[in-house]
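Let me begin by presenting the structure, written as structure tokens, before commenting on it.
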Ligand code: PEP
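Numbering (the numbering used here), first residue to last: 22 to 269.
Following this line, the structure appears as structure tokens:
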């Protein structure tokens with residue numbers, strides 16, 4: 022049985038004081054949640070959020086990381102820094118990072134391996150463009166992204182890996198893949214995992230859907246057999262909305 026995981030990606034939103042306000046509102050709203058709950062604030066608010074959630078059921082995530090241990094990488098943040106700050110999950114390969122900051126499949130793979138080696142958990146984002154969907158190559162494309170991201174990762178580590186399938190055309194647009202479309206593509210992603218690791222590996226890995234998931238569509242998406250959770254952007258910025266998604 023895979024435990025559902027709902028993660029809020031705040032992106033470049035919320036000042037530190039706003040982050041504190043949001044988490045304070047969220048704590049009582051999600052305290053009875055059955056799903057695993059993760060919030061991913063901007064780096065600058067991580068310490069403050071960590072302090073607030075330390076005795077709660079909310080886990081801390083980061084939105085990015087660099088894979089090198091330390092050194093002359095101005096502006097970057099290391100895995101050890103995030104770990105010491107209380108981070109457990111790290112989003113990597115988000116389509117916005119692939120599009121605006123040249124994140125490559127090779128870097129995503131290096132980050133995934135380094136995160137796992139440090140005992141933390143990557144949330145690996147994959148997903149097709151509208152053009153790719155219209156050309157009918159979605160399943161091939163996301164399967165390839167999956168295999169490249171997981172290259173060199175052991176089967177035993179898969180229980181610590183989360184994949185977020187996020188069709189790029191559905192992110193922040195208000196357009197959601199239908200529950201059936203999302204389930205079908207996630208099934209293709211799980212098949213790609215099965216091809217490399219066999220049935221046990223495919224059973225272990227958790228695969229989220231992301232892309233305009235909100236309180237209205239969460240229950241239908243989460244009812245699908247292959248969908249193990251959600252990566253939530255816009256709807257994670259209000260405690261009330263996010264808690265409704267968490268409780269789908
Ligand atoms: C995301 O940023 O991962 C995302 C899914 O955003 P939104 O929910 O706003 O589409």
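For each residue, glycine too, the CB sits at the ideal point set by N, CA and C.
Item, Value
"Inside the segment 107-185 only - beta strand (DSSP E) runs reaching at least 3 residues", "110-113 and 142-147"
"Supposed contact pair residue 44 and residue 60 - C-beta distance, whole angstroms, cut 8 Å", "7 Å"
"Expected contact under 8 Å - CB spacing of residue 222 and residue 176 to nearest Å", "5 Å"
"Distance cut-off 8 Å: residue 234 Cβ against heavy atoms of ligand 1", "yes"
"Residues that residue 70 bridges to, as DSSP identifies them", "Per DSSP, none; premise fails for residue 70."
"Pairwise C-alpha distance: residue 229 and residue 86", "20 Å"
"Proximal residues to residue 50 (C-beta, below 6 Å), its chain only, five neighbours per side dropped", "260 and 264"
"Contact test: residue 253 Cβ vs ligand 1 heavy atom, cutoff 8 Å", "yes"
"Cβ pair residue 184, residue 144 closer than 9 Å", "yes"
"Three or more C-beta pairs below 8 Å linking the segment 235-245 and the segment 154-165", "no"
"Selection from 198, 186 and 203 that minimises the alpha carbon distance to residue 115", "186"
"Separation of residue 121 from residue 142, as counted between CA atoms", "24 Å"
"6 Å Cβ shell around residue 66 - same chain, five flanking residues per side excluded", "37 and 40"
"Residue 249 classed as buried or exposed, judged by whether at least 16 other C-beta atoms fall within 10 angstroms", "buried"
"Residue 32 beta carbon near ligand 1 (any heavy atom closer than 8 Å)", "yes"
"Check whether residue 233 and residue 254 have beta carbons under 9 Å apart", "yes"
"Segment limits, alpha helix (DSSP H) that includes residue 218", "200-225"
"Length of the line joining the Cα atoms of residue 22 and residue 93", "43 Å"
"Residue 99 Cβ short of 8 Å to ligand 1 heavy atom set", "no"
"Buried or exposed by the 16-neighbour rule on C-beta atoms within 10 Å, applied to residue 135", "buried"
"DSSP-derived helix/strand/coil call for residue 261", "helix"
"Near ligand 1: residue 114 beta-carbon under 8 Å from a heavy atom", "no"
"Residue-level contact to chain D via CB, residue 223, 9 Å cutoff", "Here there is only one protein chain, and chain D is not present."
"Local conformation of residue 267 per DSSP, three classes", "helix"
"Residue 178 versus residue 224 - alpha carbon distance", "12 Å"
"Closer than 8 Å: residue 159 CB and nearest ligand 1 heavy atom", "no"
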